[in-house]
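Here the structure comes first, spelled out in C-alpha cells, and everything after it is commentary.
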Amino acid sequence: MVRKTGRRWLVLMVVSAGLLLITLDNSILYSALPTLVEDLGASASESLWIINAYPVVMAGLLLGSGTLGDRVGHRRMFVIGLLVFGLASLAAAFSSSPEALIASRALLAVGAAAMMPATLALIRVTFEDQRERNVAIAIWGSLAVVGSALGPIVGGVLLSSFWWGSVFLVNVPVVAVALVATLVLAPPNQADRSKRWDLPSSLLALVALVGLVMAIKEIAKTEPEPWFVAASGVTALAGGWAFAHRQRRLTEPLLEFSIFRNRAFLAGVLAAGFSLFAIAGLQLVTTQRFQLVEGFTPLGAGLLVAAVAAGALPTALAGGAVLHRVGLLPLIAGGLALGTAGTLLVLANFDTSTGLLVTGLLVTGAGLGAAMSVASSAIMGNAPASRAGMASSVEEVSYEFGSLIAVAMLGSLMTALYTATVELPAGAPQAARDSIDAALALAGDHDPALATAASHAFDSAYATVVTVVAVVMAAGALVTGLLLRRHGPGSALSADTRH
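So this note's numbering is basically just the index in the sequence shown, starting at one, shifted up by 16.
Dropping the structure here:
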C-alpha cells in the first residue's frame, strides 16, 4: 500500500515536469526577447508572433487533443507530446531567421497541446481519493504559476552565459528524463476506441483564434487598417460559428456547451483565464520595462517578476488543502480581488520604490495562486469522469487563452501607446517613434534627450497597461463572485450541470 501510494506521487512529479516545460516555454522568451530580436533582426510584429505562435496554436488544438487522448489513451498522448516537444525545441534552438523560429514555436505548441490535457487527465485517473486529488491538482496548478514565473529567470540565467538558443535547448534533457519516467511509472494506457476525434473541429477552433489575435493586434496599432481588422474579425466569427455549429451536429463533440451551465465549472474556467491574463501581462511588460528603461539585465528582470511565483506558491498549495472546508468563493473571487489590490500597488510604485513594487507583485501572486489552485479543481470536479479529457482541455484552453489575449492585446497596446505619445526632441530621427528599442539604439550614448523622451513615453504606456490588468482582474473577481455566491464548502465539487 505504501509503495502504491508513493507511486501515485511519483506520477504526479512526472506529469508536473511536463507541465513545467509547457508553462516555462510560455514565458521564457519575455526576458530573452530584446536579445533575440537584435540577433535575428526581427521586426516588432515578428517579435510578437514569436511569442504568440505558441499559445495560439496550443489553444486551437487543445480541445481536440483532450478528446484524442480519451480515444488513444492519455499516457500515449503524453509520450507523443514529449517527443514532439523535444524535437521542436532542437529546431527552435538553431533557428536562423524569425520565420523559422515562429514555425518552430508553432511545432512546440503541437507537442504541448498533446501533453497538457494528458497531465491533468492522468492525475484524475491516478488519484481516486477526492482529498488527495484536490491536493495533487493544487500542486499541479501551483506549478503552472511557478513555471510561468520561472520562465524569465531561466531565460536570464541562460543568456548570461549562452546564446539565445539555449532557452530552448534546456528542454531536451528534461524531455528525455520525463520520457523514461513515464514509461516506468505511469498507469497502463487506457484507450477508448468508441470515442470519436474530430480533426475539422480542431482546425476551425484554430482558425477562429488566429483571426481573433490578428484582429486584436491590428486594432492596437496606432493607425490600424480597417479592411484588415474587418477581414480578421470575419475570419474569427466565421471560424467560431462553424465550430459551434459543428459541435451541435456531432454525437460526440469536442466541446459540450451544456457543461458551462454548471456555475462552479464556469467560474473555474473564468478564474483560470483571468489569472493567466494577469500573470502573462504583468510579466511581459514588467520585464521589458525594467530592461529597457532601468537597464536591468535579463536575469535581473526575471528575478524581479519571480516575486509573483514567490507569492503564489504558498497560497496555491494551501488552497487545495482547505478547499473542502472553505469552498470555492473565497479562494477564487477573493483571490482575484487580492490580486487586483497587488496590481494597484505595482501601478503606484513601479517608478518610485522597488521595495513596494516587489510587495505588490508578491500580493498579486498570493491572490492569483489561491484562485488558480482551485480553478482546476472546480473544472475537473464538476465534469463527469467519462469526459475527463474534454474537461482538462477546457481548463487548459482557458489558461492559454488568458495568456494569449494578454500578449496579443497588451504587447500591441504597449507599442501603440509608445508610438502615439512619445515626444521626440528636435532633430531626432522619426525611426525612433517605431519602438523604444529603436529609440534607445539611435540615442546610444550621445543623445540623452532622446533616451529620456523614449523612457518617459514607455513608462506612460506601462502604467496604462498595468491599469488594464487591474481592471480585468477586478471584473473577474466580480463575475466569479456572482457565479459562486450560492456555492458553500459542501457544494464546491459536484459533477452535475445545475444552474
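Backbone N, C-alpha and C define an ideal beta-carbon position, used for all residues, glycine too.
Computed from a prediction, not measured in an experiment: that's the story for all the values here.
Coil, strand or helix - residue i by DSSP
{"i": "I153", "result": "helix"}
{"i": "E239", "result": "coil"}
{"i": "T368", "result": "coil"}
{"i": "E439", "result": "coil"}
{"i": "P189", "result": "helix"}
{"i": "Q267", "result": "Note on residue identity: the sequence assigns Thr, not Gln, to residue 267. Here T267 sits in coil by DSSP."}
{"i": "A490", "result": "helix"}
{"i": "V301", "result": "helix"}
{"i": "W179", "result": "coil"}
{"i": "F184", "result": "helix"}
{"i": "S476", "result": "helix"}
{"i": "T8", "result": "Since the first and last residues shown for the chain are 17 and 515, residue 8 lies out of range."}
{"i": "N42", "result": "helix"}
{"i": "S111", "result": "coil"}
{"i": "G3", "result": "In the structure displayed, the chain extends from 17 to 515; residue 3 sits before or after that span and is not available."}
{"i": "L36", "result": "helix"}
{"i": "E411", "result": "helix"}
{"i": "A231", "result": "helix"}
{"i": "E272", "result": "coil"}
{"i": "F417", "result": "helix"}
{"i": "D214", "result": "coil"}
{"i": "G57", "result": "coil"}
{"i": "D86", "result": "helix"}
{"i": "N398", "result": "coil"}
{"i": "R382", "result": "Per the sequence presented here, residue 382 reads as Ala, with Arg not at that position. In the structure shown, A382 sits in a helix (DSSP, three-state: H, G or I)."}
{"i": "V18", "result": "Residue placement at V18 is poorly supported in this model, since its pLDDT is 37, which falls under 50; the coordinates are not used for a value here."}
{"i": "F143", "result": "coil"}
{"i": "A422", "result": "helix"}
{"i": "A48", "result": "helix"}
CA-to-CA distance, residue j to residue i, given in whole angstroms
{"i": "L52", "j": "A436", "result": "25 Å"}
{"i": "A130", "j": "I139", "result": "15 Å"}
{"i": "L159", "j": "L319", "result": "17 Å"}
{"i": "F276", "j": "I395", "result": "10 Å"}
{"i": "L220", "j": "L79", "result": "11 Å"}
{"i": "R10", "j": "S414", "result": "This structure cannot speak to residue 10, because the chain is shown only from 17 to 515."}
{"i": "F94", "j": "N365", "result": "43 Å"}
{"i": "S32", "j": "T135", "result": "7 Å"}
{"i": "A317", "j": "L166", "result": "11 Å"}
{"i": "L440", "j": "H472", "result": "11 Å"}
{"i": "V162", "j": "A328", "result": "8 Å"}
{"i": "V245", "j": "T483", "result": "25 Å"}
{"i": "T39", "j": "L98", "result": "14 Å"}
{"i": "E241", "j": "V229", "result": "15 Å"}
{"i": "N68", "j": "P445", "result": "30 Å"}
{"i": "A322", "j": "E411", "result": "24 Å"}
{"i": "G172", "j": "A442", "result": "36 Å"}
{"i": "N398", "j": "A407", "result": "9 Å"}
{"i": "A125", "j": "D41", "result": "9 Å"}
{"i": "L308", "j": "I295", "result": "20 Å"}
{"i": "D55", "j": "V151", "result": "44 Å"}
{"i": "V495", "j": "D463", "result": "49 Å"}
{"i": "A424", "j": "L64", "result": "7 Å"}
{"i": "G497", "j": "G383", "result": "14 Å"}
{"i": "L354", "j": "A490", "result": "9 Å"}
{"i": "L372", "j": "V438", "result": "27 Å"}
{"i": "A467", "j": "L456", "result": "6 Å"}
{"i": "L28", "j": "W156", "result": "8 Å"}
{"i": "L361", "j": "T368", "result": "11 Å"}
{"i": "A349", "j": "F178", "result": "42 Å"}
Cβ shell of residue i (< 8 Å), same chain only, five flanking positions each side left out
{"i": "L499", "result": "R279, A280, L282, A283 and L286"}
{"i": "I66", "result": "L45, L49, L52, A58, P114, L117, I118 and R121"}
{"i": "A479", "result": "L363 and F366"}
Rounded distance between the beta-carbons of residue j and residue i, thought under 8 Å
{"i": "L271", "j": "D214", "result": "The Cβ separation is near 10 Å, so there is no contact."}
{"i": "L185", "j": "S61", "result": "No, L185 and S61 are not in contact; Cβ-Cβ is about 26 Å, not under 8 Å."}
{"i": "T359", "j": "T380", "result": "5 Å"}
{"i": "S451", "j": "Q299", "result": "Not confirmed; about 19 Å, so no contact."}
{"i": "V338", "j": "L377", "result": "Contact doesn't hold; Cβ gap of about 24 Å is too wide."}
Own chain, CB closer than 6 Å to residue i, minus 5 neighbours either side, in chain order
{"i": "H90", "result": "A134, A137 and L138"}
{"i": "G127", "result": "G97, V100, F101 and A104"}
{"i": "Q263", "result": "P269 and L271"}
{"i": "V183", "result": "I44, A48, G171 and L174"}
{"i": "A422", "result": "F293, A296 and G297"}
{"i": "A192", "result": "none"}
{"i": "M74", "result": "A125, A128, A129 and E416"}
Residues near residue i in its chain [Cβ-Cβ closer than 7 Å; skip 5 each side]
{"i": "A224", "result": "A252, G255, G256 and F259"}
{"i": "V190", "result": "A33 and L37"}
{"i": "L153", "result": "Position check: residue 153 holds Ile in this sequence, whereas Leu was assumed. Contacts found: I139, G336, S392, S393 and M396."}
{"i": "L84", "result": "M93 and W213"}
{"i": "E234", "result": "P240, E241, F244, V245 and S248"}
{"i": "T513", "result": "Only weak support is given to the placement of T513: the predicted model assigns it a pLDDT of 39, under 50, and the value that follows is read from those uncertain coordinates. Correct list, in chain order: S274, I275, R277 and N278."}
If we require 4 or more residues per run, which alpha helix (DSSP H) segments fall completely within the segment 276-352? Correct list: 279-308 and 314-342.
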